[in-house]
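Student:
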Amino acid sequence: MKRTLLSLALGTAVSLAGITAASAGTLDDVKSKGFIQCGVSQGLIGFSNPDDKNNWTGLDVDFCRAVAGAVFGDGQKVKFTPLSAKERFTALQSGEIDILSRNTTWTMGRDTSLGLVFAGVTYYDGQGFLVKKSLGVDSALKLDGASVCTQTGTTTELNLADYFRANNMKYEVVAFEKADEVIAAYDSGRCDVFTTDQSGLYAERLKLKNPDENVVLPEIISKEPLGPVVRQGDDAWFNVVKWTYFALLNAEEAGVTTANVDDMVANSTDPGIRRLLGVEGDFGKAIGLENNWAANAVKAVGNYGEMFDRNVGPETNLKISRGVNALWSKGGIQYAPPVR
Amino acid sequence: MSDIHSQRDLAYVRTEEAPAMPAPLTVSGPIGWMRENLFPTPINSLMSLIFGALLLYVIWITLEWSVFNAVWSGEDRSACIGDGAHGACWAMARAKFGQWMYGFYPFTERWRVDVVGIVGVLALVPMMMPSLPYKRINGIFLLGIYPILTLILLTGGNFDISFLPTITVNIDTGESSLNWSVWMVAFAFVLAIVVPILFLGFVAKIISPIISAIASAAIAGGVALLLIIMSIDFGLPYVETSKWGGLLLTLVVAVTGIVASLPIGVLLALGRRSNMPVVKLFSVAFIELWRGVPLITVLFMASVVLPLFLPPGTSFDKLLRALIGVALFSSAYMAEVVRGGLQAIPKGQTEAAQALGLTYWQNMGLITLPQALKLVIPGIVNSFIGLFKDTVLVGIIGLYDLLLIVQAANTDQKWVAPQTHSTGFFFAAAVFWIFCFGMSRYSMFMERQLDTGHKN
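Listed in order, the protein sequences are those of chains A and B.
Residues in the first sequence are numbered from -12 upward in steps of one, following our numbering.
Residues in the second sequence are numbered from 135 upward in steps of one, following our numbering.
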């Protein structure tokens, strides 16, 4: 296939397919160009990062692969655009990318005023505490009188003040300008506790001299729901992204994994599973995809639990426990409406 | 005559000079040098000792961190944590080295980058040595053929160039739109350059009509040839620019900026000193506009704001946007450096040239510019080095230059460790230093080569 020189040199060339699809909606646009353009972080441990072999890995990255699986039946039909925090929303608004899957916190401001919508919460994050095991503390409520390392000028500092005051505890702040300074101060013993978003705590723990001598406390004191974002007013594409996320959750709940999905399609008698995997009903067609869309998404990256375990779970270097990200049936808050 | 004879006959007169005695050890050799320069007075001696000790200490801790305590081999981060956490993690650098050099360029296609690099070095080195011949042919190759070779090898060539414009009709809304073909854009581009040249030749008669006709034909032919070459299918797989990264990307941005900024800067400097009001106004406006905004703003505009103005579905290569921004930005700085040199040339030189009947361009090309550029070599190289280091700013628009790709190692679960960050930065700093120091030394060499004894 010949490439247009203009698109490289002058940027005015628009293909027939491109122009037709642009007004017909992202889903048709994506189908005609044959891949999904996914905006990810330039580097965040466990969420999106290029590995030695030039492959993108991480939870945010895998979610885009799942959508590619649902749309094309092939999780590799996705191209990644690494974005800085400042340019992420513009990239989505301008149509440069189709999904923004870049550890973006769902807030009312972002959901309502940017012309964008959040399609779900792939990771419930929130501010937590990291302490040395030698401190002998197993709950944030026992941190009375502790010195806390944090970054200046962030909401982290305000959340910290609120939490300690609400629980009638004294504390002493040791604040630094840069994230690297904070972790270095904690590592050298300048403070007892290090606080930031929990996924960040697990990531920073890997940079400590002896990661295993430190533990993340179970409490989360703020809400940072992270999820994929799409353009507002494009309901067909919004549905595809939203239901891909629900399909991954439903697959985990039903016990459908990469290993058994083909077997499930052929042999399962559970009506819920049969509807999810497209053996019964026309649920895929209803969102403009093949009926086996959910099975394809699971084949691409596994169910939500597999995706979590592979990228950030206890078997990885990060060792993040499921916590609130467990299914609702297992004590967490990840919950998906049924396919029926 | 007789006097000489009589002197020679005297027995106590030496007829030849006695051999010089070696200087005493205390004033010659290393000891003498040290006595004179390091320990001439008690206060100087004390300072020499203090700073000498400091220097040794810095060298020692650097070596200790980067060599003695460093981890040289390992499969993943486990090699660089615990006891290994005190020195550089070169095991990580070894695993990531290819990525740091080529970015995400596909493994099987990396030979293309190697070819571009080797050919570039083989052509550039003889070009930089004044004693070697064939400068003209080499120059034509480096500025004419090599960029095309690089573009084809790095991207893959095989661009679509259709003669006819395509008209697309939107099925949903019935709107139709015209897409200009490459040839039409190229034609407009050629026209924009050729028409003024022909105007100068045939109407204004500032340059000879024959030269203007030949130049116009050469430009039109060159552009057509370039398009045809670009469309040839060499069977190379396409590598999109988003896959370029690491040192490759840094060099592409830096070299493009350096090569483009010097000629554009010279033209702008001449324009700013021109007597023609339109040319002068344009040059001043261009220079002051680009010099008045930070590079980071230029890159942000190109990356974030520009796409909002373009029709949806239009792709405008991100790297190209950055390249244009960097080239125009550095041209404005270069223009002011060159203008400084032009101002240093006495007016008498120009008047002498005019008295000899030389035209403006002959005067500039043969008399004023060679002297002016020689004067401002330090300033020009200063700009080049500044530009080379400024390339790291492209990281903020998501291009993986050397610095950003080195930092990516710190977010890779497989390798993140206490020393991952510092090892990467140490490596990047070393690479940048080698390039900048090389440029600096070469500029000093050129200054000595071109020195005509007028320096004060």
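In this text, a Cβ means the ideal position worked out from N, Cα and C, and glycines have one as well.
Just so we're clear, the structure is a prediction, and the values are computed from it rather than from any experiment.
(1) So what's residue 42 of chain A in DSSP terms, helix, strand or just coil?
(2) Which residues of chain A have a Cβ atom closer than 7 Å to the Cβ of residue 230 of chain B, listed in chain order?
(3) For the stretch 79 to 104 of chain A, list the alpha helix (DSSP H) runs that are entirely contained and at least 4 residues long, ordered along the chain.
(4) Would you please verify whether the beta carbon of residue 32 of chain A is less than 8 Å from any beta carbon of chain B?
(5) For residue 179 of chain A, tell me which candidate among A:124, A:321, A:283 has the shortest Cα-Cα distance.
(6) Measuring CB to CB, does residue 419 of chain B end up less than 8 Å from residue 472 of chain B?
(7) Is the distance from the Cβ of residue 324 of chain B to the Cβ of residue 352 of chain B below 8 Å?
(8) Report yes or no: do three or more beta-carbon pairs, one from the stretch 271 to 289 of chain B and one from the stretch 363 to 383 of chain B, lie closer than 8 Å?
(9) Quick one, which of A:78, A:48, A:84, A:73 has its alpha-carbon nearest residue 16 of chain A's?
(10) Using only alpha-carbon positions, find the residue among A:252, A:259, A:290 that is nearest to residue 279 of chain A.
(11) Cα separation between residue 224 of chain A and residue 453 of chain B?
(12) Does the structure place the stretch 189 to 201 of chain B close enough to the stretch 221 to 229 of chain B that three or more beta carbon pairs sit under 8 Å?
(13) Whose C-alpha, out of A:202, A:324, A:266, is nearest the C-alpha of residue 240 of chain A?
(14) Tell me whether residue 194 of chain A is buried or exposed, calling it buried when 16 or more other Cβ atoms sit within 10 Å of its Cβ.
(15) By the three-class DSSP mapping on this structure, what secondary structure does residue 329 of chain A have?
(16) List the whole-angstrom C-beta distance separating residue 281 of chain A from residue 265 of chain A, where the pair is believed to meet the contact cut-off of C-beta under 8 Å.
(17) Going along the chain, which residues of the stretch 70 to 95 of chain A sit with their C-beta nearer than 9 Å to a C-beta in chain B?
(18) For residue 502 of chain B, which residues from the same chain have a beta carbon less than 8 Å from its beta carbon, with the 5 sequence-adjacent residues on both sides left out?
(19) Using CA coordinates, which residue listed in A:307, A:233, A:261, A:277 is at the minimum distance from residue 289 of chain A?
(20) Which whole runs of the alpha helix (DSSP H) in the stretch 226 to 279 of chain B are 4 residues long or more, in chain order?
(21) In chain order, which continuous runs of the beta strand (DSSP E) of length 3 or greater are located wholly inside the stretch 385 to 467 of chain B?
(22) May I ask you to report which of helix, strand or coil DSSP gives residue 67 of chain A?
(23) Three-state secondary structure (DSSP) at residue 323 of chain A?
(24) Buried or exposed, going by whether 16 or more other CB atoms sit within 10 Å of the CB of residue 495 of chain B?
(25) Return the CA-CA distance between residue 441 of chain B and residue 81 of chain A, expressed in angstroms with no decimal places.
(26) If you reduce the DSSP assignment to three classes, tell me which class residue 151 of chain B lands in.
(27) Answer yes or no: do residue 58 of chain A and residue 25 of chain A have a C-beta to C-beta separation smaller than 8 Å?
(28) For a quick check, are the C-beta atoms of residue 234 of chain B and residue 380 of chain B less than 8 Å apart?
(29) Given that residue 198 of chain A touches chain B, what residues does it touch there, using C-beta distances under 8 Å?
(30) Which chain A residues are close to residue 545 of chain B, counting only those with a beta carbon under 7 Å from its beta carbon?
(31) Kindly indicate which three-state DSSP category residue 368 of chain B falls into: helix, strand or coil?
(32) For residue 158 of chain A, does the three-state DSSP call read helix, strand or coil?
(33) Excluding the 5 residues preceding and the 5 following residue 151 of chain B in the sequence, name in chain order all residues of the same chain whose CB lies nearer than 8 Å to its CB.
(34) Cα-Cα, which of A:144, A:218, A:117 is closest to residue 164 of chain A?
(35) Do the stretch 86 to 104 of chain A and the stretch 295 to 312 of chain A touch if we need at least three Cβ pairs shorter than 8 Å?
(36) Residues in its own chain within less than 6 Å of residue 469 of chain B by CB, not counting five upstream and five downstream?
Tutor: On the basis of the coordinates in this document:
(1) coil
(2) 39
(3) 95 to 100
(4) Judged by the 8 Å Cβ criterion, residue 32 of chain A is in contact with chain B.
(5) Ranking A:124, A:321, A:283 by Cα distance to residue 179 of chain A puts A:124 first.
(6) No, the pair does not count as a contact, with Cβ atoms beyond the cut-off.
(7) no
(8) yes
(9) The shortest C-alpha separation from residue 16 of chain A is found at A:84.
(10) A:252
(11) 29 Å
(12) yes
(13) A:324
(14) buried
(15) The displayed coordinates of chain A run from -12 to 327. Any statement about residue 329 of chain A would go beyond what the structure contains.
(16) 7 Å
(17) Cβ contacts with chain B: 70, 71, 73, 74, 77, 78, 80, 81, 82, 83.
(18) Here the set comprises 476, 479, 483, 484, 487.
(19) Minimum Cα distance to residue 289 of chain A is reached at A:233.
(20) 244 to 262, 269 to 274
(21) none
(22) Look at residue 67 of chain A here: in three-state DSSP terms it is strand.
(23) coil
(24) exposed
(25) Rounded to the nearest whole angstrom, the C-alpha separation of residue 441 of chain B and residue 81 of chain A is 6 Å.
(26) In the three-state scheme derived from DSSP, where H, G and I count as helix and E and B as strand, residue 151 of chain B is classed as coil.
(27) no
(28) yes
(29) When 8 Å is used as the limit between beta carbons, residue 198 of chain A is near these residues of chain B: 215, in chain order.
(30) Correct list: 30, 31, 32, 36.
(31) Coil, per DSSP.
(32) strand
(33) none
(34) A:144
(35) no
(36) If we look at residue 469 of chain B and ignore the five residues flanking it on each side, its Cβ neighbours are 399, 402, 403, 421.
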